[in-house]
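Undergrad: Please read through the structure below; I'll follow up with questions.
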Amino acid sequence: MLKYGLLVAGILGLSSCSDDDSNASAEAGTSNMTVRMVDAPGDYDNVFIDVEGVVVKYNDDFNEEAYDDDYVFVDGEFELDTDDEVYDLLELTGGAYAILADEDIPAGAISQVRLVLGDDNTVVVDGETYPLQTPSAQQSGLKVQFNQTLEAGVFYTVVLDFNVEESIVEQGNGGYLLKPVIRASAIEATGVIAGSLLPLNVPATITAEGEGVVVSTNVSSDGDFALNGLPEGVYDVTIEAELVADVITTVVVEDVAVVNGETTALGAITVE
95 MLKYGLLVAG ILGLSSCSDD DSNASAEAGT SNMTVRMVDA PGDYDNVFID VEGVVVKYND
155 DFNEEAYDDD YVFVDGEFEL DTDDEVYDLL ELTGGAYAIL ADEDIPAGAI SQVRLVLGDD
215 NTVVVDGETY PLQTPSAQQS GLKVQFNQTL EAGVFYTVVL DFNVEESIVE QGNGGYLLKP
275 VIRASAIEAT GVIAGSLLPL NVPATITAEG EGVVVSTNVS SDGDFALNGL PEGVYDVTIE
335 AELVADVITT VVVEDVAVVN GETTALGAIT VE
């Protein structure tokens, strides 16, 4: 029996903690890490991913001996406390996200995050369900580069942004293969562009394009959207809405400034 993960609707905001919590973490030499998963748009009915674990890899100079037996390391890696749950990636758009882990971990420099998958991975195309082959993901995990130094006593929110459209490959035998394209970013080191779209219940894709960066999302059923993990800079935001069947109306909002650690609010945008 599949257990489906909890989806949280809302803009990805900065994490915060009380002074008491922060001081306790600092004394223990730990940071708090929350790992969230979101998705860019994809042309599938559903994409179900079975997440069994999240592992962070520390740099080679990390001192494991500085921590007691409460923290177990394997070859410089630390596994987060993660439930085995199945998520539909296509529901993780428009500002919705899934929380994969949330706990205190040893402070230090991290080079990689690994997403370990189970066997219940499927893709639904035109109403038909197909097994989604994930070579090595069950053993070594999906490796995502993430170079970030975690300071003691600080709360971090890490966003794993799955690009479904680029991650799934149709094979010649009619099967499907997962070759993941995932971006990892810390909210504290990037910014967010958020807003809403009118009229409601209109299918739309929103894309932010800056210098060397392109990030897309779908609008939610409530008309909201959030573009996460944007490095500080200036972006053009393109909205492609299907007001009439098979007819795309395009609206461009130019020169949107993004500041690390902040959300740039575009407000309500009307597409006519």
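Residue numbers for the sequence shown follow this note's numbering, so the first one is 95 and each next one is one higher.
All residues carry an ideal CB built from backbone N, CA and C; glycine is no exception.
Where do the N-terminal and C-terminal ends of the beta strand (DSSP E) with G205 fall, by residue?
TA: One point to set straight first is that residue 205 is Ser, not Gly, in the sequence displayed. G202 to L211 is the extent of the beta strand (DSSP E) around S205.
Undergrad: Are the beta-carbon atoms of A288 and T357 separated by less than 9 Å?
TA: yes
Undergrad: Give me the residue from G235, A190, D139 and L294 with the minimum Cα distance to V210.
TA: Of G235, A190, D139 and L294, the residue nearest in Cα terms is G235.
Undergrad: Using a threshold of 9 Å, state whether the C-beta atoms of S290 and D316 are closer than that.
TA: yes
Undergrad: Just to confirm before moving on: does the CB-CB distance between G285 and T243 stay below 9 Å?
TA: no
Undergrad: Report the option in P293, V166 and V353 whose CA atom is closest to the CA atom of T385.
TA: Residue 385 cannot be examined here, being either before or after the span of the chain that is shown, 95 to 366.
Undergrad: So, V252 versus A278, is the Cβ gap smaller than 9 Å?
TA: yes
Undergrad: Does DSSP classify L291 as helix, strand or coil?
TA: strand
Undergrad: Taking 8 Å as the threshold, find out whether the region 129-138 comes into contact with the region 187-194 through three or more Cβ pairs.
TA: yes
Undergrad: Return the first residue and the last residue of the alpha helix (DSSP H) that E259 is part of.
TA: V258 to S261
Undergrad: Can you round the beta-carbon distance between V238 and I276 to whole angstroms, since I take them to be within the 8 Å contact cut?
TA: 5 Å
Undergrad: With L254 and I262 assumed to form a contact (beta carbons below 8 Å), what rounded beta-carbon distance in angstroms separates them?
TA: Actually they do not touch by this definition, with Cβ atoms about 16 Å apart.
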